[in-house]
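Quick notes on the structure that follows.
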Amino acid sequence: MENQIKNVTYKTTNTYETLNELHSDTKRVWIVFHGIGFLSRFFLKYFNELPPNENYIIAPQAPSKYYLKNEYKHVGASWLTKENTALETANLYNYLDAVLENEKLPADCKIIFFGFSQGISIALRYLAYSKLTCSKLILYAGGIPTELKKSDFTHLKSDTEIISVFGNEDQYLTPAKAIKENNKLKILFGDNVQFISFDGGHEVKKEIINQLAE
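Position 213 of the sequence shown, counting from 1, maps to 259 under this note's numbering, and the rest follow consecutively.
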């Protein structure tokens, strides 16, 4: 007899973290997607030098948590794997919908989507699914999902800034892969892509985030 795959639907709860307060002086709302191995509360430290009165940061939490290395001390998380990807992606969309519904973001704030490493795939997929608009889309050191098409992003305004950031010594981004990922971006967004490189590897640099907030 063969195994049978069955689905069941149930209610679940997940956390997310925020930094600063959302108020009338807030100019920018960042929705930031961490990379594999992070927790949202630790990812927020990269945004703690932004002016707090002007920037409100929302860090969703990847649902699949696990112990890093073999020490069973530090916990990280992953957004997706190749296992049941479509089902898990739908679950993520429901979760992110709930996060934004809970936050009730004001219409006059600039929205910035930020994805680091694996978080890029979630930021792009959710932006394509939700049809949200944003003032900036920052894709930091990661790959572009192959299934996405130019038509998935026609809802973005023409003045949306598309920014790709990568380190020139990133161990996951060989020169050949960098060219491939850059070509994917050009297919999706045409010439409306700004490329920023820095001296370093697969790492988040606060000074670049601070610069991109301007």
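Virtual Cβ for every residue (Gly too), placed ideally from N, Cα, C. Every value quoted in this text rests on a predicted model; they were computed, and no experiment measured them.
Under 7 Å between C-beta atoms of A105 and L126: A distance of 7 Å or more separates the beta carbons of A105 and L126.
Distance CB(I166)-CB(L185) smaller than 7 Å: In this structure, L185 lies closer than 7 Å to I166 by Cβ.
Spatial distance of S204 from L173 (CA atoms): Taking the straight line joining both Cα atoms gives about 15 Å.
Sequence-distant residues of the same chain with beta carbon closer than 6 Å to V72, five excluded per side: The amino acid occupying residue 72 in the given sequence is Thr; Val does not appear at that position. For T72, where only same-chain residues beyond five positions count, the Cβ hits under 6 Å are Y102, C155.
Cut-off 6 Å between Cβ atoms - residues of its own chain near E207, not counting five sequence neighbours on either side: K182.
Per DSSP, the bridge partner or partners of P106: DSSP lists Y62 as partners of P106.
In DSSP terms, what N101 is bridged to: In DSSP, N101 forms a bridge with R74.
Alpha-carbon spacing of K111 relative to K196, whole angstroms: C-alpha separation (whole angstroms): 33 Å.
F159 and A187 closer than 7 Å at C-beta: In this structure, F159 lies away from A187, with their beta-carbon atoms at least 7 Å apart.
Residue environment, S70, which counts as buried when at least 16 other CB atoms sit within 10 Å: Residue burial annotation: S70 is exposed, with fewer than 16 other C-beta atoms found within 10 angstroms of its C-beta.
Sequence-distant residues of its chain with Cβ nearer than 7 Å to Y92 (five each side left out): Closer than 7 Å at Cβ, skipping near neighbours: V250, K252, I255.
Supposed close pair F162, F244 - CB separation, criterion 8 Å: At roughly 13 Å, the Cβ-Cβ gap does not stay under 8 Å, so F162 and F244 are not in contact.
Enclosing alpha helix (DSSP H) for Q164 [first to last residue]: From DSSP, Q164 is part of no alpha helix (DSSP H); its letter is neither H nor E.
4 or more residues per run - each alpha helix (DSSP H) lying fully within the segment 152–220: Qualifying alpha helix (DSSP H) stretches, in chain order: 165–176.
Rounded distance between the beta-carbons of D216 and G247, thought under 8 Å: Indeed they touch by this definition, with Cβ atoms about 5 Å apart.
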